[in-house]
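Take the sequence shown: its letters are residues 6 to 170, numbered as in my numbering. Input: a single structure, listed below in structure tokens.
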Amino acid sequence: IKVAVPKEFFAKGLDAEVREAVDAALDLLKNLGAEVKEVSLPHAEYFTAANYLITTVEAASNLARFDGVRYGHRTSRFDNMFDMYRKTRGQGFGEEVKRRIILGTHALSSSYYNTYCVRALKARQMIKNDFERIFKNFQCIITPTSSTTAFKIGERIDLRCKRKP
């Protein structure tokens, strides 16, 4: 088996403990006869931005039907149809979901579609092409699943990405 290891996933910000665990897994694969080789995903820098934009656009589109009339939560008290829609969507979705719907709707608007959506879709295609190129010569790709280890039970993280007990 030929195993690809994208160097972009082992850059700055990867916890030493995570790196050691992945290296141990790679050593095990080598000992079992796998051929392990470092590769490059040249468009990896676009992963997060393209994913975030595309998923917000999809969320806005997919969640549009949850209006309280056909699907989803319906508020119990309202004065008219417009009030029902406003309250239903305000109560039925959390703050993060509402932010994503707003961003996705904004990105889908005609004045921003080319600026945001088209670019994100082009980035996604470049990323897809990178993976297809690698899979022509390798059977699997090994990467860390996360740049940090799991939080301990009860531990949380603040907005400055520092762990707190």
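Even glycine gets a Cβ: it sits at the ideal position worked out from N, Cα and C. Because the structure is a prediction, the values reported are computed rather than measured.
Quiz item: Where does the unbroken alpha helix (DSSP H) through K133 begin, and where does it stop?
Solution: Run containing K133: 124-140, per the alpha helix (DSSP H) assignment.
Quiz item: If we call anything under 8 Å between Cβ atoms a contact, is L113 one with A65?
Solution: yes
Practice problem: Per DSSP, which residues does P11 bridge with? Please list them. | Solution: Paired residue(s): V44.
Exercise. Would you mind sorting L33 into buried or exposed? The rule is 16 or more other CB atoms within 10 Å of its CB.
Key: Residue burial is scored here from C-beta neighbours: L33 has fewer than 16 other C-beta atoms within 10 angstroms and is therefore classed as exposed.
Exercise. Say whether the segment 121-139 touches the segment 44-52, bearing in mind that this needs 3 or more beta-carbon pairs closer than 8 Å, one atom from each stretch.
Key: Yes, they touch.
Self-check item: Among T148, I107, N85, the one whose alpha carbon lies nearest that of E63
Solution: I107
Quiz item: Which residues does DSSP pair with I107 in a beta bridge?
Solution: Bridge partners of I107 according to DSSP: none are assigned.
Practice problem: Return the first residue and the last residue of the alpha helix (DSSP H) that E63 is part of. | Solution: 52-68
Quiz item: In or out: G109 buried (at least 16 other Cβ within 10 Å) or exposed?
Solution: buried
Quiz item: What are the boundary residues of the alpha helix (DSSP H) that R82 is part of?
Solution: Where R82 is concerned, there is no enclosing alpha helix (DSSP H), given that its DSSP letter is neither H nor E.
Quiz item: Per DSSP, I146 forms a beta bridge with which residues?
Solution: A9
Exercise. Look up Y117 in the DSSP assignment and say whether it is helix, strand or coil.
Key: Judged by DSSP in its simplified three-state form, Y117 adopts coil rather than helix or strand.
Quiz item: Whose C-beta lies closer than 6 Å to the C-beta of I59 among residues of the same chain, with five residues either side of it excluded?
Solution: A125
Quiz item: Taking one C-beta from the segment 6-23 and one from the segment 82-92 each time, how about it: are there three or more such pairs within less than 8 Å?
Solution: Counting Cβ pairs under 8 Å, fewer than three are found: no touch.
Quiz item: Distance, Cα to Cα, E40 vs K133?
Solution: 23 Å
Quiz item: Do you know offhand how far T150's Cα is from Y117's?
Solution: 33 Å
Quiz item: In chain order, what residues of the same chain have a beta carbon less than 6 Å from the beta carbon of I147, not counting five sequence neighbours either side?
Solution: V8, V10
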